[in-house]
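Notes to accompany the following structure.
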Amino acid sequence: MSEEMNNELEEVIIVTATDDQGNEVEYQEVQRLDLDGKVFTLLVEVTEDEEGGDAIIARVDQEDGEDVYVAPTDEEFDAANAKFDELLDK
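Residue numbers (this note's numbering): -12 to 77.
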């Protein structure tokens, strides 16, 4: 995988996550990147508002051949956030 992989995902991927209050929130995966051998994704909350919702970064691990979205460590988050900022500024 290249460091800038899947800048535009071919299929729409919706991920459901549970927030701090126990509510389910849907996010659309908009971009992935490979950083230091790990895959990170930028997820944007699906809303009816044209401006969109909150964005989060998740690490994508593989478990039994399936993608599992997990919270990155603080160091991983900082590195992935900087790279996503760089890619989005282009």
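From the three backbone atoms N, C-alpha and C, an ideal C-beta is built for every residue, glycine too.
DSSP state of D72 mapped onto helix, strand, coil: Under the three-state reduction of DSSP output, D72 falls in the helix class.
Tell me whether T28 is buried or exposed, calling it buried when 16 or more other Cβ atoms sit within 10 Å of its Cβ. Buried.
Sub-7 Å separation of Y56 and A45 beta-carbons: With a cutoff of 7 Å on beta-carbon distance, Y56 and A45 are scored as near each other.
Would a C-beta distance cut-off of 7 Å place D41 and E50 closer than the cut-off? Cβ distance not < 7 Å, so D41 and E50 don't count as in contact.
Would DSSP call S(-11) helix, strand or coil? Here S(-11) scores only 38 on pLDDT, less than 50, and its place in the model should not be relied on; the value that follows carries that caveat. S(-11) falls in the coil class under three-state DSSP.
Using 10 angstroms around the beta-carbon of Q8, count the other beta-carbons present and answer buried if the total reaches 16, otherwise exposed. Flag for Q8 reads exposed.
Please name the residue in I43, E37, E35, G24 whose C-alpha comes closest to that of E16. In terms of Cα proximity to E16, the closest of I43, E37, E35, G24 is I43.
Secondary structure of D21, DSSP reduced to three states: Residue state for D21 is assigned as strand, using DSSP reduced to three classes.
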